[in-house]
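Numbering (this note's numbering), first residue to last: 1 to 221. Quick reminder that beta carbons are idealized off the backbone N, C-alpha and C, glycines included.
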């Protein structure tokens with residue numbers, strides 16, 4: 001019986017110079033947008049959504065109005081990109097605490113302290129997030145992005161709470177959305193007091209977060 005020659009699968013076409021150049025151009029464009037967003041964040045955090053335009057941002061950075069307009073279609077495009085870029089790092093801010101805590105009490109203590117610390121050090125950036133979230137009630141153009149970011153923040157908080165409950169050995173009666181809403185409300189209230197000059201705001205937030213975690217507990221029968 002003769003062997004039947006099986007045709008080999010067609011080889012994938014080699015990447016052309018044009019493909020490589022095109023990919024580099026896309027990567028360079030995305031990198032430039034990220035650089036511009038970083039430069040614009042401080043101005044946005046200081047002035048807020050309503051008082052910030054591309055021209056205003058250009059006046060407070062090393063980039064011209066024309067450069068900003070080339071990389072971002074409008075103010076909404078830039079602001080959304082800025083917040084998404086900032087939140088990409090922030091939504092994992094508590095993951096190390098979750099991974100390293102050896103007891104429920106340690107997790108409770110470290111998480112509440114971390115929330116207080118980010119209130120002290122990153123208040124302008126948190127203000128920008130809440131500003132954008134409020135504006136999304138009126139501006140449909142970036143509502144989907146805000147909802148996606150908010151969902152990622154909720155998941156971040158739930159990783160903490162579910163780990164806390166698991167280590168402590170109890171069930172949580174609240175849903176992830178409800179638990180997030182409570183902690184987010186505490187944080188936003190503390191942020192308002194922090195921005196108003198209340199030096200006790202961060203410490204009060206820390207204490208309230210610890211109490212809130214205590215109230216979550218529902219012992220298994």
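Problem set entry | Residues sharing a beta bridge with residue 146, DSSP | Note: residue 146 sits in no beta bridge, so no partner.
Problem set entry | Given residue 159 as reference, the closest of 84, 148, 172 once Cα atoms are compared | 172
Exercise. How big is the Cα-Cα spacing for residue 212 and residue 61?
Worked result: 41 Å
Exercise. Which of the three DSSP states, helix, strand or coil, is assigned to residue 170?
Worked result: strand
Exercise. Would DSSP call residue 217 helix, strand or coil?
Worked result: strand
For this session: Find the nearest neighbour of residue 125 within the set 198, 43, 53, judged by alpha-carbon distance.
Result: 43
For this session: Might you give, ordered along the chain, the residues of its own chain that have their beta carbon closer than 6 Å to the beta carbon of residue 209, omitting 5 neighbours on each side?
Result: 112, 115
For this session: Flag this pair as yes or no: are the beta carbons of residue 222 and residue 164 separated by less than 8 Å?
Result: The requested residue 222 is not part of the displayed model; the chain covers only 1 to 221.
Exercise. Nearest-angstrom Cα distance between residue 35 and residue 168?
Worked result: 43 Å
For this session: Please classify residue 212: does DSSP put it in a helix, a strand, or coil?
Result: helix
Exercise. Does the beta-carbon of residue 87 have 16 or more other beta-carbons within 10 angstroms, so that it is buried, or is it exposed?
Worked result: buried
Problem set entry | Residues near residue 48 by beta carbon distance below 6 Å, same chain, minus five either side | 131
Problem set entry | Cβ-based neighbour list, residue 80, same chain, cut-off 6 Å, excluding 5 preceding and 5 following | 142, 145
Exercise. Which runs of the alpha helix (DSSP H) fall wholly inside the region 34-94 and span at least 4 residues, in chain order?
Worked result: 54-59, 65-71, 75-90
For this session: Can you have a look at residue 119 and say buried or exposed, based on whether 16 or more other CB atoms are within 10 angstroms of its CB?
Result: buried
For this session: Taking the CB atoms as reference points, tell me whether residue 91 and residue 129 lie closer together than 8 Å.
Result: no
Problem set entry | Cβ pair residue 253, residue 177 closer than 8 Å | Absent from the structure is residue 253, since the part of the chain shown begins at 1 and ends at 221.
Problem set entry | C-alpha distance - residue 102 paired with residue 78, whole-angstrom precision | 41 Å
Problem set entry | Whether residue 152 touches residue 45 by CB criterion (8 Å) | no
For this session: Please list, in chain order, all residues of the same chain as residue 205 whose beta carbon is under 7 Å from its beta carbon, the five residues on each side excluded.
Result: 115, 116, 119, 186, 187, 190
For this session: For residue 284, count neighbouring C-beta atoms within 10 Å of its own C-beta (all shown protein chains included) and say buried if the count is 16 or more, exposed if not.
Result: Beyond the ends of the chain as shown, which are 1 and 221, falls residue 284; an answer cannot be given.
Exercise. What residues in its chain sit with their C-beta under 7 Å from that of residue 136, if we drop five residues either side in the sequence?
Worked result: 142, 143, 146
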